[in-house]
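Visitor: Residues in the sequence shown are numbered consecutively from 1, following the UniProt record's numbering.
Cβ atoms here follow ideal geometry from the backbone N, Cα and C, with glycine treated the same way.
If you scroll down you'll find the structure; I have some questions about it.
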Amino acid sequence: MIERIVKGENKRISNDDIQLRACISKKNNGLMCNRCGNTDRNLFSKDELGTYCRQCITFDKSATYRSIIYTPSRKSDVYGKSILGIDLLLSKQQAIASKKCQIAYRKKKDLLIWAVCGAGKTEITYDAIIEAVNKGNRVCFATPRKDVVLELLPRFEVSFNNVTIHALYGGSTNKEKSADLYIATTHQLIHFYNHFDLIILDEVDAFPFKNNKMLYFFVNKSKKPDAPIIYLTATPTKAYKRRIERKQLDYHLIPVRFHRYPIPKPIIKITGDVKKHLKRNRIPREIYKWFKAKKQLKKQCFVFVPDVKTGSLIESILSSEFNCRFVHSESKERREIVSLFRHTSLQFIITTTILERGVTVPNVDVCIIGCEDRIYDESAIVQIVGRAGRKKDYPTADVILFAYVKTTEMSKAIEHIDYMNTLGKKQKLLRKETSK
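Written out as structure tokens, the structure reads:
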């Protein structure tokens, strides 16, 4: 069902198919917002009409004097008619994982696909999606970030024939329309209740979904009670690992990329304190030399920075000599800058962690500047390294971690990458010429 808020707590509804529910109800000795699951009394406030929830107020006001209305979606008319619009050439490891996704859907059991960056996690889910849609079921491919939704939409439109697909994100306009397959940010699942027969949850370790109880509530509320969730991640959190260890969650591990080349191993280079240099309108010598070398090689590069101020200063210092642009979550020209980079019109894209996932460019080198910053934990570093060497024609890349000091998180990330490459070698999954 599609969910929205209406004014008036006792609004009469004549259609038997439409359901009405209070936005806020009493629970134990407190209150609960039925829209976002909030029970924290500190996140409720009062106005002249009653009590409202502050946790989900950015979506619309959920209050004691308002109701949630649930309207049924149209039934699918594509039973058995949907097909893949591409030749899906899966590796042996992908094919095994794909079959496990289909079994999870049929048995209505949750499954975690733990696969390295570049393993082709999205394609692994295609057969399960087609099977579900052909049974008249609704599927949601949910991801924490808008950039990934925009990246996936054209791919899905080519990949699935005779399937109604809607992309939902902040600013999209089709939130109350029905579809067979939705690609949505996890925030947008607030608009659904008891709606999906299968949810594929991508990048479950990513901000802002990671450790966000409200977004978890949206996911569970949006699906039917027995609908399975297929989790996709390259870096599962401790919580998911505990569920696996306790046999509470089935999983499948893919330690190699689809092209069977190893993941590039990053090199740590100790530099001066970047932020101190930037205050003097300078760049550490090692970093400048790296830019100079890449310019001569005409190699496109992702340049990750820890914050907006650092990125802005680096762009202002280097833009007169290098073809570079800075992009972050609030950039008005974000889509245009990313598009320039995709089409090779831009050599260096300087970015915060907003582009650590989802954006794939064929032949790039990667560096992290200020890698000692707290924002670069093991997961973030592994994901950023995963931007490099993703395509079969360009499987190797130069990945540099520029840092003032070496951190534990850098060491853990390198150990993680080494472990996956070693596992791939032991299982004889890597190409022979790379596994010596």
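Name the two residues that bound the continuous alpha helix (DSSP H) containing residue 296.
Guide: Segment 285–297, the alpha helix (DSSP H) holding residue 296.
Visitor: In the DSSP assignment, find the alpha helix (DSSP H) that holds residue 98 and state where it starts and stops.
Guide: Its alpha helix (DSSP H) spans residues 92–107.
Visitor: Could you tell me whether the Cβ atoms of residue 68 and residue 191 are closer together than 8 Å?
Guide: Taking 8 Å as the Cβ cut-off, residue 68 and residue 191 do not qualify as a contacting pair.
Visitor: DSSP on residue 21, reduced to helix/strand/coil?
Guide: Of the three classes helix, strand and coil, the one that applies to residue 21 here is strand, per DSSP.
Visitor: Over what stretch of residues does the alpha helix (DSSP H) that includes residue 129 continue unbroken?
Guide: Unbroken alpha helix (DSSP H) run through residue 129: 126–134.
Visitor: Apart from the five residues on each side of it in sequence, which residues of its chain come closer than 8 Å, Cβ to Cβ, to residue 47?
Guide: Contacts found: 63.
Visitor: Just the C-alpha distance for residue 43 and residue 52, rounded to the nearest angstrom, thanks.
Guide: About 9 Å.
Visitor: Please list the segments of the beta strand (DSSP E) lying wholly inside the UniProt domain "Helicase C-terminal" (282–436), counting only runs of 3 or more residues, in order along the chain.
Guide: Counting whole runs of 3 or more residues, the UniProt domain "Helicase C-terminal" (282–436) contains the beta strand (DSSP E) stretches 300–304, 324–327, 348–351, 364–369, 399–403.
Visitor: Taking residue 88 as the reference, which of 117, 130, 30 has the closest Cα?
Guide: Considering only alpha carbons, the answer is 130.
Visitor: Exposed or buried, what is residue 163 when buried is set at 16 or more other beta-carbons lying within 10 Å of its beta-carbon?
Guide: So residue 163 ends up on the buried side.
Visitor: What did DSSP end up calling residue 186 once you bin it into helix, strand or coil?
Guide: DSSP places residue 186 in helix when its eight states are reduced to three.
Visitor: In terms of alpha-carbon separation, which member of 110, 184, 255 lies closest to residue 248?
Guide: Checked all of 110, 184, 255; the closest Cα to residue 248 is 110.
Visitor: On a Cα-Cα basis, can you pick out the residue from 306, 283, 299 that is closest to residue 314?
Guide: Checked all of 306, 283, 299; the closest Cα to residue 314 is 283.
Visitor: Taking only the alpha-carbon atoms, compute the straight-line gap between residue 196 and residue 220 and give it to the nearest angstrom.
Guide: Cα-Cα distance, rounded: 10 Å.
Visitor: Kindly indicate which residue of 405, 361, 351 has the alpha-carbon position closest to the one of residue 438.
Guide: The first residue shown for the chain is 1 and the last is 436, placing residue 438 beyond what the model contains.
Visitor: What's the call for residue 49, buried or exposed, on a 16-neighbour Cβ count within 10 Å?
Guide: That one is exposed.
Visitor: Does DSSP put residue 244 in a helix, a strand or coil?
Guide: Residue 244 falls in the helix class under three-state DSSP.
Visitor: Starting from residue 216, follow the alpha helix (DSSP H) in both directions and report where the run begins and ends.
Guide: Start and end: 213–222.
Visitor: Buried or exposed for residue 442, please, with buried defined as at least 16 other CB atoms from any protein chain shown within 10 angstroms of its CB.
Guide: Examination of residue 442 is not possible in this model, given that the chain is present from 1 through 436 alone.
Visitor: Going by beta-carbon coordinates alone, are residue 350 and residue 311 separated by less than 8 Å?
Guide: Taking 8 Å as the Cβ cut-off, residue 350 and residue 311 qualify as a contacting pair.
Visitor: Since residue 45 is in the beta strand (DSSP E), which residue starts that stretch and which ends it?
Guide: Run containing residue 45: 44–46, per the beta strand (DSSP E) assignment.
Visitor: By DSSP, does residue 3 sit in helix, in strand, or in coil?
Guide: It is a strand residue.
Visitor: Name the DSSP beta bridge partners of residue 140, please?
Guide: Residue 140 pairs with 182, 199.
Visitor: For residue 421, count the other beta carbons within 10 Å of its own beta carbon; 16 or more makes it buried, fewer makes it exposed. Which is it?
Guide: Buried: at least 16 other Cβ atoms inside 10 Å.
Visitor: In the DSSP assignment, what residue or residues form a beta bridge with residue 232?
Guide: DSSP, once it has assigned bridges, lists 113, 202 as partnering residue 232.
Visitor: Output the distance between the C-alpha atoms of residue 429 and residue 380, rounded to the nearest integer angstrom.
Guide: Looking at the two C-alpha atoms, the distance is approximately 25 Å.
Visitor: How long is the line joining the alpha carbons of residue 304 and residue 365, rounded to whole angstroms?
Guide: Taking the straight line from one Cα to the other gives about 11 Å.
Visitor: Please work out which residues of its chain come closer than 7 Å, Cβ to Cβ, to residue 243, disregarding the five sequence neighbours upstream and downstream, and give them in chain order.
Guide: Result list for residue 243: 249, in chain order.
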